[in-house]
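The next block holds one structure in the form of structure tokens; read it before the comments.
In this note's numbering, the protein residues as written are 2 to 281.
This is the structure:
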């Protein structure tokens, strides 16, 4: 249906689920998302894109894709469409299915939807977020047309490999992973890349992630020590943790693409996301 109708709630389910956005009749998608936490519904989520049709570029709140979709319309693409799928289940399950939808698009087209993972059309700077902290710090701004390039304009990366291998294999998803070792071994020096965690001697994964690995491991350890932290409780149950990683010089949004492929592969092979994924 036309996005212009969807933002007004016309024909949009008032239930949790997944959604897709594209230009009319295009085979490549612009965006794939999910919603449903708390009282959020697809109808409410679409209403958050009303700013796409405004005279100024919207902020990244309440919808992170708002600035990029506004830029697409500013370029003359007034034919944006939306499609929906109602999904039952909890938030980790729904986010896992979102990862699968993104990964299948990437496998089929060798690229991500055009404005997922923080990407912007070339020639535009993205607006800032819009929350109390940003406003108080005087750092809120609206995006605009620009002449120079920035990282959000850089191309993504295609999938590195298939999604159907064992999640603990050394060539999982087309990467060459280090051998498994205790997670404390990753604290020796900073390395940027992708990583996977499991309990000592266990076969399944509890988490996959991206970033500077030493910093990410320290963050996980801190959560394990935080009373009542949902992710920390799961990680503590399988401790001591083992880690395997792959280093790379990818841009941040490219690491996010590859991390998404890992999550999707886990869902497809194991039937669920890693146990501590999407728990904060």
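Note that the Cβ used here is the ideal one computed from N, Cα and C, for glycine as well. None of the values given here were measured: they were computed from a predicted structure.
- By the neighbour-count criterion, in which 16 or more other beta carbons inside 10 Å mark a residue as buried, residue 110 falls on the exposed side.
- The DSSP assignment places complete alpha helix (DSSP H) segments of no fewer than 4 residues inside the region 48-116 at 67-75, 92-110, in order along the chain.
- The residue among 185, 155, 175 with its C-alpha nearest the C-alpha of residue 255 is 155.
- Rounded to the nearest whole angstrom, the CA to CA distance from residue 28 to residue 19 is 18 Å.
- A Cβ-Cβ contact shorter than 7 Å links residue 21 with residue 84.
- Taking all protein chains in view, the Cβ of residue 11 is surrounded by fewer than 16 other Cβ atoms within 10 Å, so the residue is classified as exposed.
- Within the same chain, Cβ atoms closer than 7 Å to the Cβ of residue 51 are found at 8, the five residues on either side in sequence being excluded.
- Contact check for residue 247 and residue 210: beta-carbon distance about 12 Å, past the 8 Å limit, so the pair fails to qualify.
- Nearest to residue 75 by C-alpha distance, out of 273, 178, 59, 208, is 59.
- The beta carbon of residue 266 lies closer than 6 Å to those of 164, 174 in the same chain, with the five residues before and after it left out.
- Under the three-state reduction of DSSP output, residue 141 falls in the coil class, being neither helix nor strand.
- Counting along the chain, the unbroken beta strand (DSSP E) around residue 193 starts and ends at 193-200.
- DSSP places residue 24 in the uninterrupted beta strand (DSSP E) bounded by 18-24.
- Annotation for residue 4: the continuous alpha helix (DSSP H) segment containing it runs 4-7.
- Taken through DSSP and simplified to helix, strand or coil, residue 189 comes out as coil.
- With a minimum length of 3 residues, the unbroken runs of beta strand (DSSP E) contained wholly in the region 238-268 fall at 242-248.
- Sixteen is the threshold: when 16 or more other Cβ atoms of the shown chains lie within 10 Å of the Cβ of residue 35, as they do, the residue is buried.
- Residue nearest to residue 134 within the set 161, 82, 62, 96 is 62 (criterion: CA-CA distance).
- Rounded to the nearest angstrom, the Cβ distance from residue 117 to residue 244 is 27 Å, too far for a contact under 8 Å.
- Looking at the DSSP output, residue 232 shares a beta bridge with no other residue.
- In this structure residue 147 is exposed. Its beta-carbon is surrounded by fewer than 16 other beta-carbon atoms within 10 angstroms.
- DSSP places residue 33 in the uninterrupted beta strand (DSSP E) bounded by 32-36.
- Around the CB of residue 68, 16 or more other CB atoms lie within 10 Å, so the residue is classed as buried.
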